[in-house]
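Just so you know, the sequences run in chain order A and B.
Mapping the first sequence onto the working numbering, position 271 (from 1) lands on 274, and the numbers just tick up by one.
Mapping the second sequence onto the working numbering, position 74 (from 1) lands on 76, and the numbers just tick up by one.
Data first, discussion second: the structure below is written as structure tokens.
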Amino acid sequence: MSGGVDSSVAAALLEEQGHEVIGLSMQLYDQSEGQTSFGSCCSIDDLHDARRVAAVINIPHYIVNFEKQFHERVIANFVSEYTEGRTPLPCAHCNSDLKFATLAERARGFGADAVATGHYARVDSDAGGRRQLKRGVDASKDQSYFLFSLTQEQLACAVFPVGALPKDEVRAYARQRRLPVAEKPDSQEICFIPDNDYRSFVSKNAPEAVRDGVFVDENGHVLGSHTGVHRFTVGQRKGLGLSAPTAAPMYVLALRPADQQVIVGPKASLEQTTLTASGVNWIADEPAGSLRVETQIRHHHQAAPSAVRSLGDGRAAVIFDAPQLAISPGQAVVFYDGDAVVGGGWID
Amino acid sequence: MRVYFDYNATTPLSGESADAVMRATRDIFGNASSIHHFGQQAKAVMDDARSAVATLVHAEASEIVFTSGGTESDNFAIRGAAEALESTGRRHLIASAIEHEAVLNTLRALARRGWRTTMLPVDQSGIISPDRLREVIDADTALVSVMHANNEIGTIQPVAALAAIAHEHGALMHTDAVQSAGKIPIDVRTLGVDLLSLSAHKFNGPKGAGVLWIKRGTKMQPTVTGGKHERNRRAGTENIPAIAGLGAAATLAARKMTAEAARVSALRDRLEAGVLRDVSGTVVNGARDPRVPNTTNISFERVEAESLLIALDLDGIAVSTGSACSSGTLEPSHVLKAMGLPSHRTQNSLRFSLGMFSTEAEVDRVLEALPRLVDKIRGLSRKTALA
Chain A
4 MSGGVDSSVA AALLEEQGHE VIGLSMQLYD QSEGQTSFGS CCSIDDLHDA RRVAAVINIP
64 HYIVNFEKQF HERVIANFVS EYTEGRTPLP CAHCNSDLKF ATLAERARGF GADAVATGHY
124 ARVDSDAGGR RQLKRGVDAS KDQSYFLFSL TQEQLACAVF PVGALPKDEV RAYARQRRLP
184 VAEKPDSQEI CFIPDNDYRS FVSKNAPEAV RDGVFVDENG HVLGSHTGVH RFTVGQRKGL
244 GLSAPTAAPM YVLALRPADQ QVIVGPKASL EQTTLTASGV NWIADEPAGS LRVETQIRHH
304 HQAAPSAVRS LGDGRAAVIF DAPQLAISPG QAVVFYDGDA VVGGGWID
Chain B
3 MRVYFDYNAT TPLSGESADA VMRATRDIFG NASSIHHFGQ QAKAVMDDAR SAVATLVHAE
63 ASEIVFTSGG TESDNFAIRG AAEALESTGR RHLIASAIEH EAVLNTLRAL ARRGWRTTML
123 PVDQSGIISP DRLREVIDAD TALVSVMHAN NEIGTIQPVA ALAAIAHEHG ALMHTDAVQS
183 AGKIPIDVRT LGVDLLSLSA HKFNGPKGAG VLWIKRGTKM QPTVTGGKHE RNRRAGTENI
243 PAIAGLGAAA TLAARKMTAE AARVSALRDR LEAGVLRDVS GTVVNGARDP RVPNTTNISF
303 ERVEAESLLI ALDLDGIAVS TGSACSSGTL EPSHVLKAMG LPSHRTQNSL RFSLGMFSTE
363 AEVDRVLEAL PRLVDKIRGL SRKTALA
């Protein structure tokens, strides 16, 4: 229970269905006054909201301290990905490595059969009993992309009560149950970086990795200098600060942290038709050959027609029917068959 | 049946104390500083309470200053003494590493304002050795503050010996007796201290009422300034209902102390022996003697204390672990850390604290539940470790 409307409604729905519900909120970073103030998700105010919701629906509520685990499994990865020239996706790590790992284990420790969250996604079983992960009914809120790394075992204990509802019905239900968070705005940013300034966060957490470097074009010509590759993501156009004017707008094409280079070029050079991925998790059966899928390469991306095949060792290759813009290493690539997640991995 | 074994956090009101609070709330509204009939009624309630508390700790009534609770009393003791002694040039404060945050954070605040502070270390017994104080005290020391009984493990500190050392060096001695007052006999003269804090809600009185006992003649600066209440020592219109409840709690504690200490310590010992017998990989933290009669702190090998605490609560059993931070989550206990316990033992310890309404049936209920819940949690962590 993050204190937001979605997980609050998830708890209230389960309570109304007659389940024995135990509310848990995760404390993920130091909340003491006088420390750097963190977070919209699970900040002190959000924990307060979660507690009030639990009181309204009359369920026990506990705050579990995962500061150490969150730092090890989510923040450390987030920082190192940026310093290695990649664009991380911390929410996916938090889901598979914390919520449906440590948190789920804790919950089983005191007798819970399942772990429910407020994600917009659905879990089904196919005829053979294999779990399927599906997009939430509300396409604009769908979060299945962030859940691709859940294993069959994790999906077996996962429950997403709001996945079958459109957002406006979730809010309407919250009002009907008089939940004190019914009108609370949705959270947007990364929870541990409330001001969205990920660059300062990375600089502060990995000062040794922050080094000056240069912009170069595709032919190796130096176009200016910058203060660290962690400040850039593939596809970025704004805020480059090139020293000389260029004929066409320039985009970040690639990051080379080894020599502190940011490769820039015209928009056309951002287009790619293939990618490979590692750490692939197959939710459906691992395909024997090439499989037609729709492939999504970031959260707000229209999944594109493509073919995927497994390369073994948790790796996969994707060929798109049409070129895609700004395929970013470090982001998740998720393969869909209609609404169902076939699998996904991390873009190389 | 819900079991409440968290008396060191707070206690339920006794019937006597609840009645006193209710009566004072309903019938007495006067300001104790007023000269007229209504003021005299309020003053009479305060006088009774002051005498009752004085009797509990063998002090003079005039030495009792009412405060809002243990935290204010500790703040008043340390800040009030520090400020009063500033002109003497003494700029050094000593406390033990296992004090309550009310003492530790007050010292830290003064350290930021230029005071030198020293924390006395403690060994695995959880008892401060007077030798450690001898090593660090000097002619600059203004005040030594060592708690009478520790809130997490219950160990009783050699306050009289420490006070003698403090006085040899011309320093004042304060003891935070929040966890001992009402549980074990206290005689302020025998303890030899100058300042003693206590709190009503730790011995079946109401929240929001505490006392700082100030030995007659001790120079103090008030920390709450205003009118001439409490003989210029603590300003503000007095909280008469809470003070009435405090007085009733003190009277009851003094009357029943011998019998209650024996009864509660028998229950605690039964619980402790049962846990050590029925749950493998358990060990009691800190010395078992001298210890307040109601407290035991036990580490459960291979069990995250947070999980066990929640599992117990879902089973209807309330205990605690470490110190709760503002948001209600758990942090490794600074007390167990200071005792030098390895981190796994500071992360898997639970505190059971019993009191006035605890029964043998409750102890047996906990002894029935604990092995079952611990097995379940251990089974899962074994599975995860293998996976």
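Quick reminder that beta carbons are idealized off the backbone N, C-alpha and C, glycines included.
These figures come from a predicted structure and were not determined experimentally.
Practice task
Would you mind stating whether residue 16(B) and residue 251(B) have Cβ atoms separated by less than 8 Å?
Solution key: Yes. Within cutoff.
Problem - Short-range partners of chain B found in the region 160 to 175 of chain A, where Cβ spacing is below 9 Å - result: Those residues of the region 160 to 175 of chain A that come within reach of chain B (Cβ to Cβ, closer than 9 Å) do not exist; the list is empty.
Practice task
Determine the burial state of residue 143(A): buried for a count of at least 16 other Cβ atoms within 10 Å of its Cβ, exposed for fewer.
Solution key: In this structure residue 143(A) is exposed. Its beta-carbon is surrounded by fewer than 16 other beta-carbon atoms within 10 angstroms.
Exercise for the section: Could you tell me which residues DSSP pairs with residue 48(B) in its beta bridges? Expected result: Answer by DSSP bridge pairing: none, since residue 48(B) is not bridged.
Practice task
Put residue 282(A) into one of helix, strand or coil per three-state DSSP.
Solution key: In this structure, residue 282(A) counts as strand in the three-state DSSP scheme.
Problem - Assigned exposure category for residue 24(A) - 16 Cβ within 10 Å defines buried - result: By the 10 Å Cβ count, residue 24(A) comes out buried.
Handout entry: Same chain, Cβ closer than 6 Å to residue 390(B), five either side skipped, listed in chain order
Key = Residue numbering for chain B in the displayed model covers 3 to 389; residue 390(B) lies beyond these limits and cannot be assessed.
Problem - Assigned secondary structure, residue 97(B) (DSSP; H/G/I helix, E/B strand, else coil) - result: Three-state DSSP puts residue 97(B) in a strand.
Exercise for the section: Note the first and the last residue of the continuous alpha helix (DSSP H) segment covering residue 104(B). Expected result: First-last of the alpha helix (DSSP H) with residue 104(B): 103 to 114.
Exercise for the section: Could you check how far apart the C-beta atoms of residue 6(A) and residue 14(A) are, in whole angstroms? I think they sit under 8 Å. Expected result: Actually they do not touch by this definition, with Cβ atoms about 11 Å apart.
Problem - Interface flag, residue 55(A) vs chain E, CB-CB below 8 Å - result: Absent from the structure: chain E. Protein chains present are A and B.
Exercise for the section: Look up residue 100(A) in the DSSP assignment and say whether it is helix, strand or coil. Expected result: Three-state result, residue 100(A): helix.
Practice task
Using a Cβ-Cβ cut-off of 8 Å, state whether residue 378(B) counts as contacting chain A.
Solution key: At least one chain A Cβ lies under 8 Å of residue 378(B).
Practice task
Taking C-beta pairs closer than 9 Å, name the residues in chain A that residue 313(B) reaches, listed in chain order.
Solution key: Ordered by position in chain A, the residues that pass the 9 Å Cβ test against residue 313(B) are 112, 113, 114.
Handout entry: residue 264(A) classed as buried or exposed, judged by whether at least 16 other C-beta atoms fall within 10 angstroms
Key = Around the beta carbon of residue 264(A), 16 or more other beta carbons sit within 10 angstroms, so the residue counts as buried.
Handout entry: Listed by chain order, chain A residues near residue 372(B) by CB distance under 7 Å
Key = When 7 Å is used as the limit between beta carbons, residue 372(B) is near no residue of chain A, the shortest such separation being about 13 Å.
Practice task
Might you give, ordered along the chain, the residues of its own chain that have their beta carbon closer than 6 Å to the beta carbon of residue 88(A), omitting 5 neighbours on each side?
Solution key: So the qualifying residues of the chain are 232, 258, 260.
Exercise for the section: Return the chain-ordered ranges of every beta strand (DSSP E) run that is complete within the region 214 to 297 of chain B and spans a minimum of 3 residues. Expected result: Segments of the beta strand (DSSP E) lying fully in the region 214 to 297 of chain B: 284 to 286.
Problem - is_contact[residue 352(B), chain A] using C-beta, thresh 8 Å - result: No, because no Cβ of chain A sits closer than 8 Å to the Cβ of residue 352(B).
Problem - Selected residue, minimal CA-CA separation from residue 251(A), among 132(A), 238(A), 269(A), 69(A) - result: When only C-alpha atoms are compared, the closest one is 269(A).
Exercise for the section: Check the C-beta distance from residue 322(A) over to residue 334(A) and give it rounded, since I have them as a contact under 8 Å. Expected result: Not confirmed; about 18 Å, so no contact.
Problem - Rounded distance between the beta-carbons of residue 212(B) and residue 69(B), thought under 8 Å - result: Going by Cβ atoms, the distance from residue 69(B) to residue 212(B) rounds to 4 Å, so yes, they are a contact pair.
Handout entry: 8 Å Cβ cutoff, residue 65(A) in contact with chain B
Key = It does: the Cβ of residue 65(A) has a partner Cβ on chain B nearer than 8 Å.
Exercise for the section: For residue 292(A), collect the residues of the same chain with a Cβ closer than 7 Å to its Cβ; drop the 5 residues on either side in sequence, then sort them by chain order. Expected result: Cβ within range, chain order: 312.
Practice task
Check the Cβ of residue 316(B) against every Cβ in chain A and list those closer than 8 Å, keeping chain order.
Solution key: The answer, in chain order, is 25, 63, 113, 114.
Practice task
Since I believe residue 311(B) is in contact with residue 323(B) (beta carbons under 8 Å), could you give me their beta-carbon distance rounded to a whole number of angstroms?
Solution key: Beta-carbon to beta-carbon, residue 323(B) and residue 311(B) are separated by about 5 Å, close enough to satisfy the 8 Å threshold.
Problem - Reduced DSSP category for residue 32(A) - H, G, I as helix; E, B as strand; rest coil - result: Shown here, residue 32(A) sits in coil according to DSSP, grouped into three states, outside any helix or strand.
Practice task
Excluding the 5 residues preceding and the 5 following residue 167(A) in the sequence, name in chain order all residues of the same chain whose CB lies nearer than 7 Å to its CB.
Solution key: Only 125, 140 meet the Cβ criterion.
Handout entry: Proximal chain A residues relative to residue 309(B), where beta-carbon distance stays under 7 Å
Key = 109, 112, 113, listed in chain order.
Practice task
Verify whether the separation of the beta carbon atoms of residue 98(B) and residue 139(B) is less than 8 Å.
Solution key: No, the pair does not count as a contact, with Cβ atoms beyond the cut-off.
Exercise for the section: With DSSP as the reference, please indicate the residues paired to residue 308(A) in a beta bridge. Expected result: Paired residue(s): 297(A).
Problem - Integer-rounded CB distance, given that residue 159(A) should sit under 8 Å from residue 134(A) - result: Indeed they touch by this definition, with Cβ atoms about 6 Å apart.
Exercise for the section: Taking residue 363(B) as the reference, give the member of 268(B), 86(B), 336(B), 303(B) with the closest Cα. Expected result: Nearest Cα to residue 363(B) within the set 268(B), 86(B), 336(B), 303(B): 268(B).
Exercise for the section: State the Cα-Cα distance for the pair residue 56(B) and residue 127(B), rounded to the nearest angstrom. Expected result: C-alpha separation (whole angstroms): 32 Å.
Handout entry: is_contact[residue 38(A), chain B] using C-beta, thresh 8 Å
Key = Only weak support exists for where residue 38(A) lies, its pLDDT of 42 falling under 50; the coordinates are left without a value.
Handout entry: Presumed contact (8 Å Cβ cut-off) between residue 120(B) and residue 100(B), rounded CB distance
Key = Rounded, the Cβ-Cβ distance is 14 Å, inconsistent with contact.
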